[in-house]
């Protein structure tokens, strides 16, 4: 059987049609219709990240504040340490800062977003030192004045395992229990470290975005400048017309 023949004129006409559509689309179709995904990602990705970050921190601080207030109400008969009230006040202030950041991200206000990122960076610095002292007892750099703000909780694994064993003297079981608790503590420390690194990355990215907005004039005008700059980079002729 002979192989099927190829209709050369028909193939040539299809190639000419395909090659001819390129200049037509480039000159007659708006740029934002050709590359909508790239422009949309450039315009909305930082603001979306800012909204997600501020909303997540707002939710976290409000949940912690509610739990702290419930603990205070249940312990009304017994005196509580000042660190509990400091912790509640901190979460209230941090929740307000997160709300300001959320409003700034929605309205594309670089000043509000910048204020939120600076406050959250300070919070992350304190949390970083607290977690270092919690998971690395040899690391002690946080002043005692910050201790009531978040509270540091150290667990004596040996005492905990001995209490689970009914305060018996089974040293082999206590040693095995302490080793397992140390492994669990190390795993939790790795997860917390990854989550903290993600927070630092998100805050730094949102902070850089707020700086870019302020440099371009702030607000939706800054997004328009970014669109014009990208349009000029993609089509210099269109930039000249603008």
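In UniProt numbering, the protein residues as written are 1 to 242.
Heads up, the beta-carbon is just placed ideally off N, CA and C, and yes, glycines get one too.
Here the structure is a predicted model, which is why all the values come from computation and not from measurement.
Bounding residues of the alpha helix (DSSP H) (the contiguous stretch that carries residue i)
i: residue 251; result: The structure shown does not extend to residue 251, since the chain spans only 1 to 242, so no value can be given for it.
i: residue 170; result: Element bounds for residue 170: n/a, residue is neither H nor E.
i: residue 131; result: 110-135
Cβ-based burial, residue i [other Cβ within 10 Å; buried from 16]
i: residue 66; result: exposed
i: residue 98; result: buried
i: residue 71; result: exposed
i: residue 75; result: exposed
i: residue 63; result: exposed
i: residue 204; result: exposed
i: residue 179; result: exposed
i: residue 90; result: buried
i: residue 191; result: exposed
i: residue 174; result: buried
i: residue 25; result: Below a pLDDT of 50, predicted positions are generally treated as unreliable, and residue 25, at 36, falls in that range; the measurement from the model is reported next regardless. It is exposed - the Cβ of residue 25 has fewer than 16 other Cβ atoms within 10 Å.
i: residue 113; result: buried
i: residue 85; result: exposed
i: residue 58; result: buried
i: residue 136; result: exposed
i: residue 23; result: The pLDDT assigned to residue 23 is 42, lower than 50, so where the model puts this residue is not dependable; a value taken from the coordinates is nonetheless given after this. Its Cβ having fewer than 16 others within 10 Å, residue 23 is exposed.
i: residue 134; result: buried
i: residue 183; result: exposed
i: residue 199; result: buried
i: residue 41; result: With a pLDDT of only 48 at residue 41, under 50, the local geometry of the prediction cannot be trusted, and the value read off the model is given with reservation. Result: exposed.
Residue j beta carbon less than 9 Å from that of residue i
i: residue 243; j: residue 53; result: With the chain covering only 1 through 242, there is no way to say anything about residue 243.
i: residue 121; j: residue 209; result: no
i: residue 282; j: residue 108; result: Since the first residue shown for the chain is 1 and the last is 242, residue 282 is missing from the structure and cannot be characterised.
i: residue 187; j: residue 131; result: no
i: residue 123; j: residue 94; result: yes
i: residue 211; j: residue 111; result: no
i: residue 105; j: residue 50; result: yes
i: residue 118; j: residue 92; result: no
CB contact below 9 Å: residue i versus chain C
i: residue 217; result: This model lacks chain C altogether, as it is built from one protein chain only.
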